[in-house]
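Q: Sequence lines, in order, name chains A and B.
First residue of the first sequence: 270, per our numbering; consecutive thereafter.
First residue of the second sequence: 270, per our numbering; consecutive thereafter.
Just so you know, even glycine gets a beta-carbon here, dropped at the ideal spot from N, CA and C.
There are 2 protein chains.
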Amino acid sequence: MYSMAEPPSSGASIAELLKSLGLTKYEALVYVALLQAPGATATELHELSGVPRASVYPVLERLSQKHLVSISHATPKRFNPVKPEDAVNSLLASIESDATKAKSELSRIYLQAARPVRGDQELIWSIHGDEQIRSRLLELLRGAQSRVQILFYWDHLKQELVTTLHSLHEKVHVDIITDRFTAPVPDRIHVTVRTPPDSGGVSGKYLAGGVFIVDGKQALVVMGSKEEGFTALYSEAPGFIRLFTMYWNFFSNWLPA
Amino acid sequence: MYSMAEPPSSGASIAELLKSLGLTKYEALVYVALLQAPGATATELHELSGVPRASVYPVLERLSQKHLVSISHATPKRFNPVKPEDAVNSLLASIESDATKAKSELSRIYLQAARPVRGDQELIWSIHGDEQIRSRLLELLRGAQSRVQILFYWDHLKQELVTTLHSLHEKVHVDIITDRFTAPVPDRIHVTVRTPPDSGGVSGKYLAGGVFIVDGKQALVVMGSKEEGFTALYSEAPGFIRLFTMYWNFFSNWLPA
DNA sequence: TAAATGTTGTTATCACAAAGACAACAAAGG
DNA sequence: CCTTTGTTGTCTTTGTGATAACAACATTTA
Chain A
270 MYSMAEPPSS GASIAELLKS LGLTKYEALV YVALLQAPGA TATELHELSG VPRASVYPVL
330 ERLSQKHLVS ISHATPKRFN PVKPEDAVNS LLASIESDAT KAKSELSRIY LQAARPVRGD
390 QELIWSIHGD EQIRSRLLEL LRGAQSRVQI LFYWDHLKQE LVTTLHSLHE KVHVDIITDR
450 FTAPVPDRIH VTVRTPPDSG GVSGKYLAGG VFIVDGKQAL VVMGSKEEGF TALYSEAPGF
510 IRLFTMYWNF FSNWLPA
Chain B
270 MYSMAEPPSS GASIAELLKS LGLTKYEALV YVALLQAPGA TATELHELSG VPRASVYPVL
330 ERLSQKHLVS ISHATPKRFN PVKPEDAVNS LLASIESDAT KAKSELSRIY LQAARPVRGD
390 QELIWSIHGD EQIRSRLLEL LRGAQSRVQI LFYWDHLKQE LVTTLHSLHE KVHVDIITDR
450 FTAPVPDRIH VTVRTPPDSG GVSGKYLAGG VFIVDGKQAL VVMGSKEEGF TALYSEAPGF
510 IRLFTMYWNF FSNWLPA
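1. Please classify residue 374 of chain A as buried or exposed, where buried requires at least 16 other C-beta atoms within 10 Å of its C-beta.
2. Which term fits residue 392 of chain B, buried or exposed, when burial requires 16 or more other beta carbons within 10 angstroms of its beta carbon?
3. With DSSP collapsed to three states, give me the class of residue 418 of chain A.
4. By the 10 Å Cβ neighbour count, where 16 or more other Cβ atoms means buried, how is residue 519 of chain A classified, buried or exposed?
5. Only counting the same chain, and skipping five residues up and downstream in sequence, which positions put a Cβ closer than 7 Å to that of residue 487 of chain A?
6. Nearest-angstrom Cα distance between residue 287 of chain B and residue 304 of chain B?
7. Tell me, please, whether the segment 449-465 of chain A touches the segment 396-408 of chain A by the rule of three or more beta-carbon pairs shorter than 8 Å.
8. Which residue comes first and which comes last in the alpha helix (DSSP H) that contains residue 366 of chain A?
9. Taking a cut of 8 Å between CB atoms, which residues from the segment 361-373 of chain A lie near chain B?
10. Using three-state DSSP, classify residue 311 of chain A as helix, strand or coil.
11. So what does DSSP say about residue 457 of chain A, is it helix, strand or coil?
12. Listing by chain order, which chain A residues have their CB less than 9 Å from the CB of residue 510 of chain B?
13. Excluding sequence positions up to five away, which residues of its chain have a Cβ less than 7 Å from the Cβ of residue 509 of chain A?
14. Determine the direct distance from the alpha carbon of residue 361 of chain A to that of residue 297 of chain A, and round the result to whole angstroms.
15. Just the Cα atoms here: how many angstroms apart are residue 446 of chain A and residue 512 of chain A?
16. Can you tell me the Cα-Cα spacing of residue 517 of chain B and residue 285 of chain A, whole angstroms?
17. Check each candidate in A:370, A:423, A:491 and A:430 and name the one with the smallest Cα separation from residue 407 of chain A.
18. Three or more C-beta pairs closer than 8 Å, one from the segment 362-369 of chain B and one from the segment 349-364 of chain A: is that the case here?
19. Output yes if chain B places a C-beta closer than 8 Å to the C-beta of residue 305 of chain A; else output no.
20. Does any C-beta atom of chain B lie closer than 8 Å to the C-beta of residue 382 of chain A?
21. Report yes or no: is there a C-beta of chain A within less than 8 Å of the C-beta of residue 519 of chain B?
22. What are the residues of the segment 395-412 of chain A that lie near chain B, defined by any Cβ-Cβ distance shorter than 8 Å?
23. Reducing DSSP to helix, strand and coil, say where residue 463 of chain A ends up.
24. Which residues of chain B have a Cβ atom closer than 7 Å to the Cβ of residue 490 of chain A, listed in chain order?
25. Indicate whether residue 415 of chain B and residue 484 of chain B have their beta-carbon atoms separated by less than 8 Å.
26. Distance cutoff 8 Å, beta carbons only. Does residue 487 of chain B sit that close to anything in chain A?
27. Can you give me the start and stop residues for the beta strand (DSSP E) that residue 347 of chain A sits inside?
28. Within the same chain, show all residues whose beta-carbon is closer than 6 Å to that of residue 470 of chain A, passing over the 5 residues directly before and after it, in chain order.
29. Please list the partners that residue 354 of chain A has in chain B, where partner means a Cβ-to-Cβ separation under 7 Å.
30. Which partner residues does residue 499 of chain B have in the DSSP bridge list?
31. So, with DSSP's three-state summary, where would you put residue 435 of chain A?
32. List the DSSP bridge partners of residue 452 of chain A.
33. The alpha helix (DSSP H) that contains residue 514 of chain B, what's its start and end?
34. Do residue 417 of chain B and residue 454 of chain B have their C-beta atoms closer together than 8 Å?
35. How would you list, in chain order, the residues of chain B whose beta-carbon sits under 7 Å from the beta-carbon of residue 349 of chain A?
36. Assign residue 352 of chain B to buried or exposed, taking buried as 16 or more other Cβ atoms, counted over all protein chains shown, within 10 Å of its Cβ.
Here is the structure:
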């Protein structure tokens, strides 16, 4: 009756987007169908969306309770979509409200927890997600007391990094090793430009990485690429610090051929 | 082993809030437990959260992929929570991103749909949700061409209503019947103060309602209370308009004893 | 050191609830 | 009379919730 080959940008992916907003597959399909045929009957929506006719009714009922559609008092029942803008905003507002409440409750729990920061210094932590890495990295740098060592083969967020380094206390000594660097820096920031050796046959083009050592006590190592996403390791373990300090020294002392 | 009587504000309700952000019950419980014991092991989290030990591992794996926890490379594995603020913001950002995409996609569909606005004038629509009602009401009033008749026993959003009425074109004649009204209004807005008859034994105290008739062609009827929530009916059907115009006239002409 | 014991991390399996899918039917309308 | 609508009930499927069992490893005890 209807082509089952859905345009990839239409029904299929939108359903995914709407799922993040708390809709089910059927709810998404029916709502989208209703947008294309405002004032439609249940049967029309069934035909348009592919959702079984019997399922259309409860689905529309749920959509009505979620304030996404209005229902007419006529026979046959007809349905109207709330304008997408209003509909999504309404869903989002509800989620944001919950998010705010959750944030305050969780922060309360987090802060009031007697927190012996157990074993933080002996462990290696993995951190996933660009945003988490960014956040952890900047926080780490801002806590620097005396020295920051940076190995930086990584285009992403370079600017933000430099800004943060500028804001450090002036007695913090900063050593940066990177492949190219143009921004002007204060005296206490020392920049060495090094092209990394093309070792191991790994194409350095898409490989990005960074090593950040703070006060010789904390180290954050970032690896990955824009394609695979980034992973970071963080540790205060002496062995970990030693390993990457050595790594850093290797780059620092190495002279390109 | 552990008290199963959870404080109502702690584990239970937070789980609900976090569900809106796309977490499952277990994910929420484990994350909350982890906040109370950062750096805990899987077994400790099992004991704190009540989640079966075997389930803790996959749950933490999912939480890691959602960037809510970091995982140590040690035996036993230890886990650290991402700070609640960052965690919730991260989840929310993802949802908001989806919401934005959805909004644009849906609006595209909505606008490009050949829309014969079928039968809008012969149907009665129910509208649920305070926000939808508010939005529809203000939109309706703003579209007024010549006359607006309002019956208003309803404290809520009175101010916003008055503001909207002020912004109407000056040739639009506005008639308001309500129980009390203090704000100053321009000449073209005519206000009648009427205490409604206490008919039918219904305590008028908590009953709220409103009738809005625009240009004698569109009517929105709001009913409900703060306790039950509000429901509205909208129609352009002549019968509907007549019914509520009559209703309005009844109030308009009725003189209290 | 060897055996006993305990813990960790993993896997398989089952139960349960919600959504997805289908069949059937009474009521209303053409 | 036949069609359509709206409803009900049932069944499947899926993802989460929940339990049991096990191999690997570490710890304790004999």
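A: In short:
1. buried
2. buried
3. strand
4. exposed
5. Excluding positions up to five away in sequence, the list reads 409 and 505.
6. 14 Å
7. With contact defined as three or more Cβ pairs closer than 8 Å, the segment 449-465 of chain A and the segment 396-408 of chain A are not in contact.
8. 353-381
9. 361, 362, 363, 364, 365, 367, 368, 370, 371 and 372
10. In the structure shown, residue 311 of chain A adopts helical secondary structure according to DSSP, grouped into three states.
11. coil
12. The contacting residues do not exist; residue 510 of chain B stays about 15 Å from chain A at best.
13. 393 and 488
14. 15 Å
15. 17 Å
16. 47 Å
17. A:430
18. yes
19. It does; some Cβ of chain B falls within 8 Å.
20. yes
21. no
22. Result list: 395, 396, 397, 398, 400, 401 and 404.
23. coil
24. Simply none; closest approach about 12 Å.
25. yes
26. No - not a single Cβ of chain A is within 8 Å of the one on residue 487 of chain B.
27. First-last of the beta strand (DSSP E) with residue 347 of chain A: 347-350.
28. Residue confidence is low: residue 470 of chain A scores 45 on pLDDT, short of 50, so the model does not pin down where it sits. Its coordinate-derived value is still stated next. Answer for residue 470 of chain A: no residue qualifies.
29. 372 and 376
30. B:493
31. Taken through DSSP and simplified to helix, strand or coil, residue 435 of chain A comes out as helix.
32. DSSP, once it has assigned bridges, lists no residue as partnering residue 452 of chain A.
33. That run of the alpha helix (DSSP H) goes 507-522.
34. No; because the gap between Cβ atoms is not below 8 Å, this pair is not in contact.
35. 394
36. buried
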